[in-house]
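In what follows, a structure is listed as structure tokens, so that the remarks can point back to it.
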Amino acid sequence: MLGGVQPVYRRQGIGARLWMHALNRAAAHGWRTLTVGPVTDESSGASFLREVGATPQQRYVLFGADL
Numbered sequence: 909m910l911g912g913v914q915p916v917y918r919r920q921g922i923g924a925r926l927w928m929h930a931l932n933r934a935a936a937h938g939w940r941t942l943t944v945g946p947v948t949d950e951s952s953g954a955s956f957l958r959e960v961g962a963t964p965q966q967r968y969v970l971f972g973a974d975l
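Just so we're on the same page, this note's numbering is the position in the sequence shown counted from 1, plus 908.
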């Protein structure tokens, strides 16, 4: 699932409703865990996820090479 709320619509409960819908759908299908990411620590997405009770589970290391 790829999602988010446009900045102009944030802080209106839309993201929380989407999050709860995703949790409810996952639970209805027998899932015990819902994982989202990767999300950078300083992003608005990370702040939102903490606000709705999600906790960081893993750190990712990204590798690159100059061409």
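Heads up, the beta-carbon is just placed ideally off N, CA and C, and yes, glycines get one too. Here the structure is a predicted model, which means the values were calculated and not measured.
Handout entry: Delimiting residues of the alpha helix (DSSP H) encompassing Glu959
Key = In the sequence shown, residue 959 corresponds to position 51, counting from 1. Start and end: Ser952 to Glu959.
Practice task
Tell me whether the beta-carbon of Val913 lies closer than 7 angstroms to the beta-carbon of Ile922.
Solution key: Sequence index remark: in the sequence shown, residue 913 carries index 5 (1-based). Sequence index remark: in the sequence shown, residue 922 carries index 14 (1-based). Taking 7 angstroms as the cut-off, the Cβ atoms of Val913 and Ile922 count as close.
Problem - Inter-residue Cα distance where the pair is Arg967 and Gly911 - result: Residue 967 sits at position 59 when you count from the first residue of the sequence shown. Residue 911 sits at position 3 when you count from the first residue of the sequence shown. Roughly 20 angstroms between the two C-alpha positions.
Handout entry: Through-space distance from Leu931 to Thr941, alpha-carbon basis
Key = For the purposes of this step, residue 941 is taken as the residue at position 33 of the sequence shown. For the purposes of this step, residue 931 is taken as the residue at position 23 of the sequence shown. Roughly 9 angstroms separates the two Cα atoms.
Problem - Residues of its chain near His937, where Cβ-Cβ distance is below 8 angstroms and the 5 sequence neighbours each way are ignored - result: For the purposes of this step, residue 937 is identified with residue 29 of the sequence shown, where counting begins at 1. Nothing meets the Cβ criterion.
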